[in-house]
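Asks: This structure is in structure tokens; I'll ask about it shortly.
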Amino acid sequence: MKKFNKILSILAVLAIAISSLSFAQTIEFYNFYGAEFEPTVDKINEMFMAEYPDITVVAETADTGTFTQVLNTRLAANDAPDVFLVFPGTKFHPQADAGYLMTFDDAAWVERVMPGAKSVSTYNGHQYALPTDTNVISVLYNKDMFADLGLEVPTTWDEFKAVGEALKAAGIAPLSVGVQSGWVAQLIPYAMAPTAIYKNNIDFDTQMYGLENSFVDSPWKKMMEDYVWLKDNGFMQEFPLSTDWNASTDIMAANEAAMLVQGNWALGVLQDKAPDTNWGLFPFPYSDDGVNWVATGVGGAISGSATTEHPEAVKKYIEFWSRPEIMDLYLTNKKALPVLTGLSPDIAPELVEFLPYLEAAGTYNFLDQNWPAGVQGVMIESVQGVLAGNLTIEQMLKDMDAAWAEGMLTAE
Numbered sequence: 261m262k263k264f265n266k267i268l269s270i271l272a273v274l275a276i277a278i279s280s281l282s283f284a285q286t287i288e289f290y291n292f293y294g295a296e297f298e299p300t301v302d303k304i305n306e307m308f309m310a311e312y313p314d315i316t317v318v319a320e321t322a323d324t325g326t327f328t329q330v331l332n333t334r335l336a337a338n339d340a341p342d343v344f345l346v347f348p349g350t351k352f353h354p355q356a357d358a359g360y361l362m363t364f365d366d367a368a369w370v371e372r373v374m375p376g377a378k379s380v381s382t383y384n385g386h387q388y389a390l391p392t393d394t395n396v397i398s399v400l401y402n403k404d405m406f407a408d409l410g411l412e413v414p415t416t417w418d419e420f421k422a423v424g425e426a427l428k429a430a431g432i433a434p435l436s437v438g439v440q441s442g443w444v445a446q447l448i449p450y451a452m453a454p455t456a457i458y459k460n461n462i463d464f465d466t467q468m469y470g471l472e473n474s475f476v477d478s479p480w481k482k483m484m485e486d487y488v489w490l491k492d493n494g495f496m497q498e499f500p501l502s503t504d505w506n507a508s509t510d511i512m513a514a515n516e517a518a519m520l521v522q523g524n525w526a527l528g529v530l531q532d533k534a535p536d537t538n539w540g541l542f543p544f545p546y547s548d549d550g551v552n553w554v555a556t557g558v559g560g561a562i563s564g565s566a567t568t569e570h571p572e573a574v575k576k577y578i579e580f581w582s583r584p585e586i587m588d589l590y591l592t593n594k595k596a597l598p599v600l601t602g603l604s605p606d607i608a609p610e611l612v613e614f615l616p617y618l619e620a621a622g623t624y625n626f627l628d629q630n631w632p633a634g635v636q637g638v639m640i641e642s643v644q645g646v647l648a649g650n651l652t653i654e655q656m657l658k659d660m661d662a663a664w665a666e667g668m669l670t671a672e
């Protein structure tokens with residue numbers, strides 16, 4: 261009898277072990293957070309796996325410039341990651357139309373999504389992703405350098421050029437620009453456009469969709485002329501075309517340049533590389549009257565594959581990200597602002613100082629969030645071509661108009 265009971269005990273242990281193995285799952289999280297935010301993602305994954313020991317999360321990060329192309333290739337090849345980031349706005353619409361994305365209409369976190377973030381993470385009445393953060397594109401600057409040279413924060417384009425000349429006279433590059441990274445090349449026009457275009461014509465994108473306006477006949481021509489002017493007049497460091505995102509922050513940390521047009525996520529990177537430097541942010545001053553609109557946008561959103569073999573694990577993982585303590589951790593480390601209610605992240609003092617600028621003037625979404633698919637890629641490549649002297653501004657804008665028309669046809 262004892263022997264029989266022992267056999268039963270062994271069989272029970274084996275059954276439990278086999279059961280545990282049968283429910284063990286591994287899900288992949290494909291993202292564009294990059295090496296600078298990898299430790300935060302790793303920490304969140306460790307916390308998740310501690311709560312759900314039967315689920316293993318493998319995170320893979322990719323360069324922002326190639327992320328969408330690789331993701332779309334994998335989606336089309338039925339090799340989709342279980343969980344992945346999507347770009348908010350119109351970019352994920354083709355993925356949704358193709359049936360690649362899971363919907364989260366019944367998720368508890370949906371009711372906590374702020375209206376602005378909901379508008380760029382829903383499509384055709386469905387919630388396709390969990391938006392994670394709101395970001396701003398501004399001028400990050402070395403406060404110590406400005407103070408040493410007696411420089412005030414500029415509020416107009418002429419004042420900005422005057423500050424640049426003073427920095428050049430002191431042997432300092434006014435701007436560090438990482439044009440080699442395509443996504444960085446677009447940021448100066450993104451910072452210019454809210455003031456140059458939408459401050460005076462909030463319906464510009466609507467007019468573009470109605471074929472009542474064009475890039476060729478818009479302030480984009482002057483914006484690009486001024487962008488080229490910055491390069492041709494020594495407002496950038498040497499060799500901006502061969503400088504990437506990471507190197508551009510190295511230049512700032514080494515006190516070789518005073519300003520960086522970037523998203524607020526760069527603040528944490530600069531603080532890590534130069535912790536003894538005082539950093540600040542101000543709106544890109546592209547006005548004559550000192551009223552400068554700011555480019556803002558939801559930085560990313562977490563979605564899941566409609567064909568994943570582990571749908572419940574995916575839902576648990578995304579729900580875990582939505583929890584206040586997890587979002588607070590993420591936002592605090594990214595130096596970003598929340599898009600879900602019920603959060604209280606430790607907002608960086610530098611970002612708190614910037615908030616009055618958002619209240620004093622207007623804001624507009626990151627441009628690509630309202631554009632048809634394909635336009636942003638043409639714009640990025642064209643900006644690099646124009647700065648390299650291989651493409652005229654006129655041709656760039658014609659190409660962007662053509663991409664817009666093609667994107668509209670594709671979406672029909």
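Numbering (our numbering), first residue to last: 261 to 672. By construction, the Cβ of each residue, glycine as well, lies at the ideal position given by its N, Cα and C atoms.
For Ala355, which residues of its own chain have a beta-carbon under 6 angstroms away from its beta-carbon, when the five flanking residues on both sides are left out?
Replies: With the sequence shown as reference, residue 355 is identified as Gln, and Ala is not the correct amino acid for it. Result list for Gln355: Leu361, in chain order.
Asks: Pair every Cβ in the segment 442-456 with every Cβ in the segment 639-657, then say whether three or more of these pairs are closer than 8 angstroms.
Replies: Because the criterion of three Cβ pairs below 8 angstroms is met, the segment 442-456 and the segment 639-657 touch.
Asks: Could you tell me which whole beta strand (DSSP E) segments of length 3 or greater appear in the segment 547-584?
Replies: Taking only runs of at least 3 residues, the beta strand (DSSP E) segments lying wholly in the segment 547-584 are 554-558 and 561-564.
Asks: Under a Cβ-count criterion, where at least 16 other Cβ atoms within 10 Å of its own Cβ denotes burial, should Lys595 be classed as buried or exposed?
Replies: Under this definition Lys595 is a buried residue.
Asks: Could you check the C-alpha separation between Val599 and Tyr469 for me, to the nearest Å?
Replies: Rounded to the nearest angstrom, the two C-alpha atoms are 27 angstroms apart.
Asks: According to DSSP, is Ala252 part of a helix, a strand, or is it coil?
Replies: Lying outside 261 to 672, the shown extent of the chain, residue 252 is not represented and no answer is given.
Asks: May I ask you to report which of helix, strand or coil DSSP gives Ser508?
Replies: The answer is helix: DSSP assigns Ser508 an H, G or I state.
Asks: What residue does the alpha helix (DSSP H) around Gly540 start on, and which one ends it?
Replies: Unbroken run through Gly540 is the beta strand (DSSP E), Trp539 to Phe542; no alpha helix (DSSP H).
Asks: Which stretch, first to last residue, makes up the beta strand (DSSP E) that contains Phe344?
Replies: Unbroken beta strand (DSSP E) run through Phe344: Val343 to Val346.
Asks: With DSSP run on the structure shown, which of helix, strand or coil describes Gln535?
Replies: What sits at residue 535 in the sequence shown is Pro, not Gln. Residue state, collapsed to three classes: coil.
Asks: By alpha-carbon positions, which one of Met660, Gly385, Lys576 and Thr652 ends up nearest to Thr286?
Replies: Checking every option, the nearest Cα to that of Thr286 belongs to Lys576.
Asks: Report the partner residues of Pro391 according to the DSSP bridge assignment.
Replies: DSSP lists Ala561 as partners of Pro391.
Asks: Taking just the CA atoms, how far does Glu296 sit from Asn506?
Replies: The straight-line gap from Cα to Cα measures roughly 10 angstroms.
Asks: DSSP state of Leu281, grouped into three classes?
Replies: The predicted position of Leu281 is uncertain, since its pLDDT is 46 and thus under 50; a value taken from the coordinates is nonetheless stated next. Leu281: helix per DSSP, three-state reduction.
Asks: Given that a residue counts as buried once 16 or more other Cβ atoms are within 10 Å of its Cβ, and exposed if not, what is Gly431?
Replies: Flag for Gly431 reads exposed.
Asks: Should the segment 458-467 be called in touch with the segment 658-670, which here means at least 3 C-beta pairs below 8 angstroms?
Replies: Judged by Cβ distances under 8 angstroms, the segment 458-467 makes no contact with the segment 658-670, as fewer than three pairs qualify.
Asks: Assuming the contact rule is C-beta atoms closer than 8 angstroms, Gly560 and Leu409 should be a hit. Round their C-beta distance to whole Å, please.
Replies: Not confirmed; about 37 angstroms, so no contact.
Asks: Return the CA-CA distance between Gln387 and Thr328, expressed in angstroms with no decimal places.
Replies: Whole-angstrom Cα-Cα distance: 20 angstroms.
Asks: Entirely within the segment 304-350 and at least 3 residues each: give me those beta strand (DSSP E) ranges in chain order.
Replies: Counting whole runs of 3 or more residues, the segment 304-350 contains the beta strand (DSSP E) stretches 315-321 and 343-346.
Asks: Which word fits Gly649, buried or exposed, when buried means at least 16 other C-beta atoms lie within 10 angstroms of its C-beta?
Replies: Exposed.
Asks: Is it the case that the segment 576-594 contacts the segment 396-414, given that we only count it when at least three CB pairs across the two stretches are under 8 angstroms?
Replies: Short answer: they don't touch.
Asks: Given a threshold of 16 other Cβ atoms within 10 Å of its Cβ, counted over all protein chains shown, does Asp217 qualify as buried or as exposed?
Replies: The requested residue 217 does not occur in the structure, where the chain is confined to residues 261 to 672.
Asks: For Pro479, does the three-state DSSP call read helix, strand or coil?
Replies: Pro479: coil per DSSP, three-state reduction.
Asks: Below 8 angstroms between beta carbons: does that hold for Leu627 and Tyr450?
Replies: Cβ distance < 8 angstroms, so Leu627 and Tyr450 count as in contact.
Asks: State the beta-bridge partners of Glu641 as determined by DSSP.
Replies: In the DSSP output, where bridge partners are listed per residue, Glu641 has none listed.
Asks: Could you compute how far the alpha carbon of Ala671 sits from the alpha carbon of Asn493?
Replies: Looking at the two C-alpha atoms, the distance is approximately 41 angstroms.
Asks: Measuring CA to CA, which of Tyr312, Arg372 and Leu541 is closest to Val396?
Replies: Nearest C-alpha to Val396: Leu541.
Asks: Near Leu490, which residues of its chain fall below 7 angstroms by C-beta distance, leaving aside the five closest residues on each side in sequence?
Replies: Hits under 7 angstroms: Leu435 and Met496.
Asks: Within its chain, find whatever has a CB closer than 8 angstroms to the CB of Val635; leave out the 5 residues flanking it on each side and keep chain order.
Replies: Cβ within range, chain order: Asp628, Met660, Ala663, Trp664 and Gly667.
Asks: Around the C-beta of Ser604, are 16 or more other C-beta atoms found within 10 angstroms, so that it is buried, or is it exposed?
Replies: Burial call: exposed.
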